[in-house]
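Take a look at the structure set out below.
Protein chains: 2
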Amino acid sequence: MKLNNPINRVLIAGGTHGNEFTGVYLIKLFEQFPELIRRSTFETITLLANNQAFLAGRRYIDKDLNRGFSRADLEDVTLSSYEDLRAKEIDYLFGENGKTPVDFILDLHSTTANMGVTIIIDNDELFNLQLAAYLSYVNPEIKVYSSGNSGRGQNALRSLSKFGVAIEVGSVPQGVLNANFFLNTKAIIYAILDYLALYNQEHLPSFPKNLLLYEYMEAIDYPRNEQGQINAMIHPQLQFKDYEALNLGDPLFLTFDEQTISYTANSTTYPVFINEAAYYEKGIAMCLTQKRQITI
Amino acid sequence: MKLNNPINRVLIAGGTHGNEFTGVYLIKLFEQFPELIRRSTFETITLLANNQAFLAGRRYIDKDLNRGFSRADLEDVTLSSYEDLRAKEIDYLFGENGKTPVDFILDLHSTTANMGVTIIIDNDELFNLQLAAYLSYVNPEIKVYSSGNSGRGQNALRSLSKFGVAIEVGSVPQGVLNANFFLNTKAIIYAILDYLALYNQEHLPSFPKNLLLYEYMEAIDYPRNEQGQINAMIHPQLQFKDYEALNLGDPLFLTFDEQTISYTANSTTYPVFINEAAYYEKGIAMCLTQKRQITI
Chain A
1 MKLNNPINRV LIAGGTHGNE FTGVYLIKLF EQFPELIRRS TFETITLLAN NQAFLAGRRY
61 IDKDLNRGFS RADLEDVTLS SYEDLRAKEI DYLFGENGKT PVDFILDLHS TTANMGVTII
121 IDNDELFNLQ LAAYLSYVNP EIKVYSSGNS GRGQNALRSL SKFGVAIEVG SVPQGVLNAN
181 FFLNTKAIIY AILDYLALYN QEHLPSFPKN LLLYEYMEAI DYPRNEQGQI NAMIHPQLQF
241 KDYEALNLGD PLFLTFDEQT ISYTANSTTY PVFINEAAYY EKGIAMCLTQ KRQITI
Chain B
1001 MKLNNPINRV LIAGGTHGNE FTGVYLIKLF EQFPELIRRS TFETITLLAN NQAFLAGRRY
1061 IDKDLNRGFS RADLEDVTLS SYEDLRAKEI DYLFGENGKT PVDFILDLHS TTANMGVTII
1121 IDNDELFNLQ LAAYLSYVNP EIKVYSSGNS GRGQNALRSL SKFGVAIEVG SVPQGVLNAN
1181 FFLNTKAIIY AILDYLALYN QEHLPSFPKN LLLYEYMEAI DYPRNEQGQI NAMIHPQLQF
1241 KDYEALNLGD PLFLTFDEQT ISYTANSTTY PVFINEAAYY EKGIAMCLTQ KRQITI
């Protein structure tokens, strides 16, 4: 790798969703002990992205902050909800044309889905792919989810910088701290910071250049009645089976009167975000992915 | 048992906490198919107790509805928040001096703690104890938690009737439906309704008259800093260990800088509601219980 773009400033964001406590309390810890995230070749900045939502014990006050960073929305002066203003403020601080632009954003999330420790990348930037490959190499438990096809790369907080990833851990209920996921997330943050430091020094360790990706294909919704209310739930046999193969005929949903609804497509898929609490209102029961081994 | 008090009217309440979906969707199911809960010797009524909170995706709008049923609060005309008014309305409908008083209340809850399927009783009414013994007999997985010492029997929705229990299932995240817990809760509701029907007909089946109770002793809070913010989390070794013995020296909390805080009392206790999301704001990290075998 040639050092075209040194990393000068790194932003670690937590609490972009106020009820995802892992990130919130890691940011609070780093604010208390900044030496934990200090590295010699770049500046590390922390951001408790939606503190108002955290104080209210909610994902957001008015709307999902982590969908508010499209360039169009940031430039739309008519958007003025709490999260609209907060997104504009964060862009003003850390965006490409902001006060102190950052080169790398690490955003900390948790999910009620059983996604273990997932690294989310939003684009095909070689830098992000290589980092993901490195992290999978040092921790084989890590899964890498590529959200590029979902458009998340366009409107998430982390889209403010070209380079960056999200860490998504679960299953963790909203409003709950799970110590193991807290410790796992912290360890990955350190691994990423160390990687960035070595990158700046052109001393990256050697690691295999292959990467197993779960690529977003489509989101599917719960079955709903005429009033738009769900009338089925994730089938017990699918619950907690994130990243496992789902094939034609496998159970998908169980209606409230106990009828099984099966998967009807002919191709194998690997669902993620199965039964994520925050996605009921978005009309998403799970996201289907395809599994792809790539060489970088 | 002698039939002093026939059960004429049964209330099944769900969504007393709006983000505990198991109860909400069971109530919706029963409203769609009332024959499911119809029994010949009594009337069964359903109540979606806090629909506004459900629609908002929150536990409550202004305050916890399930703490608002003390006689003093119900009679305090100065209390007029959304939940205060809703509590008075529910009391007016179903309370002892209400429009259609109910003899038995079954309130459906879920928790982020790993409490499996728990029956909560709030008092020592023989009727409730016998029902709990019956349910433990037909389903040995069931745990019975006696909340009497906590005062919950004084201000919970179910305190409106002398007889009644809560069903508490988990671990389930807030805002999530878990199909297995949905089915388990439904099965227990049917078992209770069948029991009440047999009771009215003086045809109760015979079952062992012993009962294993986990009795509330005290609630303990998270360690907190001077600003009142938590600075530790449930220790990984205690997480999900509801109903298991906790002894002197066992790990209780892990501080954010990874110091273990141990249990310092000399007597064995059995914690429940470990890491319940809704209890962070109440200053409760877990409730300690004592295990007691009683003969009814």
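Protein sequences appear in the order of chains A and B.
Under the working numbering, the first residue of the first sequence is numbered 1, with each subsequent residue one higher.
Under the working numbering, the first residue of the second sequence is numbered 1001, with each subsequent residue one higher.
Where a beta carbon is used, it is the ideal one built from N, C-alpha and C, also for glycine.
In terms of Cβ geometry, I1007(B) and N1180(B) do not form a close pair [threshold 8 Å]. The residue from L204(A), A133(A), V102(A), V144(A) with its alpha-carbon nearest to that of S159(A) is V102(A). Using a Cβ-Cβ cut-off of 9 Å, H235(A) is close to A1179 of chain B, given in chain order. Residues of the stretch 262-284 of chain A that bring their beta carbon within less than 9 Å of a beta carbon in chain B comprise N275, E276, A277, A278, Y280, E281, in sequence order. Taking 8 Å as the Cβ-Cβ cut-off, the stretch 8-22 of chain A has no residue approaching chain B. Counting along the chain, A1056(B) sits inside the alpha helix (DSSP H) bounded by residues 1051-1056. Taken through DSSP and simplified to helix, strand or coil, D84(A) comes out as helix.
A direct Cα-Cα distance of roughly 10 Å separates L204(A) from D194(A). Counting C-beta pairs with one atom in each stretch, the stretch 145-161 of chain A and the stretch 213-220 of chain A have three or more that are closer than 8 Å, which means they touch. Beta-bridge partners assigned by DSSP to I220(A): M286(A). Looking at the backbone, the Cα of S262(A) and that of D250(A) are separated by about 5 Å. Residue contact check for P1034(B) against chain A: no CB pair falls below 8 Å.
If you ignore the 5 residues before and after E141(A), its C-beta comes within less than 7 Å of the C-beta of G116, V117, all in its own chain and listed in chain order.
Counting of Cβ neighbours within 10 angstroms places K1291(B) among the exposed residues, the total staying below 16. Per DSSP, F240(A) lies in no beta strand (DSSP E) segment and is marked neither H nor E.
T112: these are the residues of the stretch 88-120 of chain A whose beta carbon lies less than 7 Å from some beta carbon of chain B, given in chain order. Judged by their CB atoms, Y1060(B) and G1018(B) are nearer to each other than the 8 Å cut-off.
A direct Cα-Cα distance of roughly 10 Å separates I220(A) from L252(A).
Within the model, the alpha-carbon separation for T1185(B) versus N114(A) is close to 23 Å. Assignment of F1104(B) by DSSP, reduced to helix, strand and coil, places it in the strand class.
At a C-beta separation below 7 Å, F182(A) has these neighbours in chain B: M1233.
Residue burial is scored here from C-beta neighbours: A187(A) has fewer than 16 other C-beta atoms within 10 angstroms and is therefore classed as exposed. When the alpha-carbon of N155(A) is set against those of S136(A), V172(A), D122(A), the nearest one is in D122(A). Within the stretch 1058-1073 of chain B, R1058 place their CB atoms closer than 8 Å to a CB of chain A, listed in sequence order. DSSP places V176(A) in the coil class of the three-state scheme, outside both helix and strand.
Where R71(A) is concerned, the enclosing alpha helix (DSSP H) starts and stops at 71-75. Inter-segment contact for the stretch 64-78 of chain A and the stretch 27-45 of chain A is absent: fewer than three beta-carbon pairs are separated by less than 8 Å.
Considering only L196(A), T44(A), A265(A), the residue with the shortest C-alpha distance to A245(A) is A265(A). G116(A) is bridged by DSSP to G170(A).
The alpha carbon of C287(A) has as its nearest neighbour, out of I296(A), K209(A), Q174(A), R152(A), the alpha carbon of R152(A).
A distance below 8 Å between beta-carbons, with the five flanking residues on each side excluded, links L1055(B) to the following residues of its chain, in chain order: G1018. In the three-state reduction of the DSSP assignment, R39(A) falls in the strand class.
In its chain, beyond the 5 residues on either side, G1018, N1019, G1175 have a beta carbon closer than 8 Å to the beta carbon of G1057(B).
T22(A) carries a helical assignment under DSSP once its states are collapsed to helix, strand and coil. Here T295(A) is exposed, its C-beta having fewer than 16 other C-beta atoms within 10 Å. Around Y137(A), the same chain offers F207, P208 as residues with beta carbons nearer than 8 Å, after the five sequence neighbours per side are excluded.
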